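Engineer: Be aware that the sequence shown starts at 768, since it is given in this note's numbering, and climbs by one per residue.
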Amino acid sequence: MDLRQALANVVGERHALEDPELRAPYERDWTGRFGAPATVVVRPANTAEVAEVLRVCGDLGTTVVPQGGNTGLVGASVPRGGEVLLSLARLDTIGEVDEALGQVTVGAGATLAALQAACRAAGKDAGLDFAARDSCTIGGVVACDAGGARALRLGTARAHVVGLEAVLADGSVVSRLQGLMKDNAGYDLPALLVGSEGTLGVITAVRWRTTALLGSRVAALVPVASVTAAAELLAALRAEAPSLDSCDFFLDDGLELVVAYQQRSNPVRDRAPVYVLAECAARTDPTDELAAALERAGIDDALIADDTTSREGLWRLREGHTEAINAAGVPHKLDVGIPLAQLERFLEAVPTIAAEAVPGTRAILFGHLGDGNVHVNLLGPDPNDERADDAVLEFVLECGGTISAEHGVGIAKARWLERARGEAEVAAMRAVKQALDPAGLLNPGAVLVEARV
Ligand code: FAD
Ligand code: MLT
Ligand code: ZN
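As structure tokens, this is what we get:
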């Protein structure tokens, strides 16, 4: 029996896609930089079908790329060529929110927006948010350990995972969905799967920790003269505003690109090199805390938004960077973490470093100031030309930073993992991969370059 038929026998004819037109949306990544044909796209309906799909693939020696919403930005959610593409999109059930525990069990294929809505309906908050909310799935979010603007206060996806259910490469199912807050019996397999980018197991459900829903929000967009001034503002916010919920930044060229792309007028009257977008959230109005922080930082010029529409208007300037950049070309996206003390030096040097590596390269920089998380977007180099990426990543390490803050290593940065983490740590990672997936079935080439087949 051929592979497609064997998989169709598990998931049904309608959900084993071989037609190139039906496969196409699963085969190219969000940026357009990565992707190749899959042998089959398979869409199981539940954990038992996922397990059977992996058993069939193991028996036939076919590698598998797990996929949720395909919004990942490091090339690991799409085939490299010839794999089975395993879509988790149909595992989208969301259980009842347990109000006493503040937890909910979510299918891997449920979108972040659907989880947010379910939490809100129960008077809770999912606690994680970013622009891909309508498409990205909880399985993908957990597999990447995604962050977003609110990670500053509430942590990355990892902080919301109480437990999870996953299918390992041999088709066995591991499950910790009881929601026990204290359970240290044995190794913490769920913790190992968080951030494993589909290389150690396929997540089928997550026990998610919700947070308190804070009804009162106020945001400020603050033009500042330098990164140093931005860091001073961050310090003032931390000192004066316990309600600080997020603190992002972007630069003037990014702002210009976004307003042009969104065809809106620029709401900022006094242009500046750097803009900080900070939001406070509390049960009672946090405006005084925000105002105290602005005063402490000596800021007298800020756009304040205290209703939903105007707050969303400010956030569209920040979140709109990803789409506006994509519309300008196929970007090389390097999501890095930089110590705050090195941030000014880093942001000043990167455009030159990238342009020296590949003449004509344009660098658009923005990110999550409170986490030292910079999104370096390089426009210009051919999708396969990694000279500018390499030059920037080299500089990241020189600055004492990390090559991946929240998007993951994926295919894009696998070559750099050993430089970043060191031989001993990568050897330990290889040992884990070998133990859980000895045949290298799951997401070959992602995270660990040598696992590629
Ligand atoms: P996919 O893209 O489908 O997959 C991502 C990775 O997870 C792949 O390696 C895949 O193999 C693996 N995977 C997917 N599902 C499973 C599963 N069930 N089990 C095991 N492995 C699985 N990220 C941030 O951290 N912060 C942001 O602010 C942010 N903003 C974004 C904004 C936009 C507009 C876009 C397009 C992306 C953004 N991202 C951000 C990237 C982020 O990684 C994803 O949005 C999200 O984490 C991926 O979810 P997904 O379901 O789309 O996963
Ligand atoms: C963001 O913070 O907007 C994202 O991580 C997406 C990106 O880097 O483009
Ligand atoms: Zn981000």
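The beta carbon of each residue, even a glycine, is placed where N, CA and C say it ideally should be. Predicted model, so just to flag it, every value in this text is computed and none were measured.
What is the C-beta distance between residue 1135 and residue 918, in whole angstroms, given that I count them as a contact (C-beta under 8 Å)?
Structural biologist: With 8 Å as the limit, residue 1135 and residue 918 qualify as a contact, their Cβ atoms being about 7 Å apart.
Engineer: Kindly indicate which residue of 826, 920, 946, 969 has the alpha-carbon position closest to the one of residue 835.
Structural biologist: The shortest C-alpha separation from residue 835 is found at 969.
Engineer: Just curious, the alpha helix (DSSP H) that residue 1055 is in, first and last residue?
Structural biologist: It spans 1054–1063 - the alpha helix (DSSP H) in which residue 1055 sits, taken as one unbroken run.
Engineer: Residues in the same chain with beta-carbon distance under 6 Å from residue 1205, minus the five sequence neighbours each way, listed in chain order, please.
Structural biologist: Taken in chain order, the list of residues that qualify is empty.
Engineer: Residue 1102 by DSSP, collapsed to three states: which one?
Structural biologist: Strand at residue 1102.
Engineer: Take every Cβ of the region 775–788, pair it with every Cβ of the region 810–827, and state whether three or more of those distances are shorter than 8 Å.
Structural biologist: Counting Cβ pairs under 8 Å, three or more are found: they touch.
Engineer: Enumerated in chain order, which unbroken segments of the beta strand (DSSP E) with a length of 3 residues or greater are wholly contained in the region 777–813?
Structural biologist: Counting whole runs of 3 or more residues, the region 777–813 contains the beta strand (DSSP E) stretches 807–809.
Engineer: Can we say the region 866–875 touches the region 974–989, given the rule of at least three CB pairs closer than 8 Å?
Structural biologist: Touching, yes, given that three or more Cβ pairs across the two stretches are closer than 8 Å.
Engineer: Bridge partners of residue 905, per DSSP?
Structural biologist: Looking at the DSSP assignment, residue 905 forms no beta bridge with any residue, so it has no partner.
Engineer: Are the CB atoms of residue 1154 and residue 1193 nearer to each other than 8 Å?
Structural biologist: No, they are not a contact pair.
Engineer: What span of residues does the alpha helix (DSSP H) with residue 1120 cover, start to end?
Structural biologist: 1110–1124 is the span of the alpha helix (DSSP H), which, as asked, contains residue 1120.
Engineer: Check whether the region 987–998 touches the region 931–950, taking contact to mean three or more Cβ pairs, one atom from each stretch, closer than 8 Å.
Structural biologist: Judged by Cβ distances under 8 Å, the region 987–998 makes no contact with the region 931–950, as fewer than three pairs qualify.
Engineer: Please go through the same chain and pick out, in chain order, the residues whose beta-carbon is closer than 7 Å to the beta-carbon of residue 1219, but skip the five residues on each side of it.
Structural biologist: Low confidence applies to residue 1219: its pLDDT is 41, below 50, so where it sits in the model is not reliable, and the reading given next is rough at best. Cβ neighbours of residue 1219 beyond the five flanking positions: 1211, 1212.
Engineer: Report the three-state DSSP secondary structure of residue 834 (helix, strand or coil).
Structural biologist: Three-state DSSP puts residue 834 in a strand.
Engineer: Measuring from the CB of residue 938, is there a heavy atom of the ligand FAD at a distance below 7 Å?
Structural biologist: No, the beta carbon of residue 938 sits no closer than 7 Å to any heavy atom of the ligand FAD.
Engineer: Tell me, which residues are paired with residue 954 by DSSP?
Structural biologist: Looking at the DSSP assignment, residue 954 forms no beta bridge with any residue, so it has no partner.
Engineer: Tell me the residue span of the alpha helix (DSSP H) that contains residue 1046.
Structural biologist: Run containing residue 1046: none in the alpha helix (DSSP H); it sits in the beta strand (DSSP E), 1041–1049.
Engineer: One question on the structure: do residue 855 and residue 875 come within less than 8 Å of each other, judged by their Cβ atoms?
Structural biologist: Against a cut-off of 8 Å, the Cβ pair of residue 875 and residue 855 comes out as a contact.
Engineer: Any residues whose CB sits closer than 7 Å to a heavy atom of the ligand ZN? List them in chain order?
Structural biologist: The set, ordered by position in the chain, is 897, 914, 915, 1102, 1134, 1135, 1140, 1142, 1173.
Engineer: Restricting to runs no shorter than 3 residues, where is the beta strand (DSSP E) found entirely within the region 840–870?
Structural biologist: Entirely contained in the region 840–870, the beta strand (DSSP E) runs reaching 3 residues are, in chain order, 851–854.
Engineer: Compute every distance between the C-beta of residue 903 and the non-hydrogen atoms of the ligand FAD, then say whether any falls below 7 Å.
Structural biologist: Indeed, a heavy atom of the ligand FAD lies less than 7 Å from the Cβ.
Engineer: Closer than 8 Å is the cut-off here; do at least three beta carbon pairs connect the region 1017–1025 with the region 1089–1099?
Structural biologist: As far as the Cβ criterion goes, the region 1017–1025 touches the region 1089–1099, which means the pair count is three or higher.
Engineer: Residue 1093 lies in the beta strand (DSSP E); which residues open and close that run?
Structural biologist: Counting along the chain, residue 1093 falls outside any beta strand (DSSP E), though it belongs to the alpha helix (DSSP H) covering 1088–1095.
Engineer: Is it true that the region 906–925 meets the region 1168–1187, where meeting means three or more beta-carbon pairs spaced less than 8 Å apart?
Structural biologist: Result yes; three or more Cβ-Cβ pairs closer than 8 Å.
Engineer: For residue 838, which of 957, 900, 1051 has the nearest alpha-carbon?
Structural biologist: Closest by alpha carbon: 900.
Engineer: What's the call for residue 793, buried or exposed, on a 16-neighbour Cβ count within 10 Å?
Structural biologist: The residue in question, residue 793, is buried, as its Cβ has 16 or more Cβ neighbours within 10 Å.
Engineer: Would you tell me roughly how many angstroms separate the C-alpha atoms of residue 768 and residue 774, rounded to the nearest one?
Structural biologist: Cα to Cα, residue 768 sits roughly 10 Å from residue 774.
Engineer: Taking 6 Å as the limit between beta carbons, can you name the residues of its chain near residue 772, skipping five residues before and five after?
Structural biologist: No residues qualify anywhere along the chain.
Engineer: With a threshold of 7 Å (Cβ to nearest heavy atom), would residue 1099 be considered close to the ligand MLT?
Structural biologist: No, since every heavy atom of the ligand MLT falls outside the 7 Å radius drawn around the Cβ of residue 1099.
Engineer: Using DSSP's beta-bridge definition, name the partner residues of residue 1169.
Structural biologist: Partner(s): 1104.
Engineer: Please decide whether residue 858 counts as near chain B, where near means a Cβ-Cβ distance under 8 Å.
Structural biologist: No chain B appears in the structure shown, which is made up of a single protein chain.
Engineer: Taking DSSP's pairing of strands, which residues face residue 878 in a bridge?
Structural biologist: BP columns for residue 878 point to 904.
Engineer: What are the boundary residues of the alpha helix (DSSP H) that includes residue 1025?
Structural biologist: Residues 1019–1029.
Engineer: In chain order, what residues of the same chain have a beta carbon less than 8 Å from the beta carbon of residue 1203, not counting five sequence neighbours either side?
Structural biologist: Excluding residues within five positions, the ones whose Cβ falls inside 8 Å are 935, 936, 967, 968.
Engineer: Rounded to whole angstroms, what's the CA-CA distance from residue 997 to residue 1114? Just pull it up for me.
Structural biologist: Using only the alpha carbons, I get a separation of about 12 Å.
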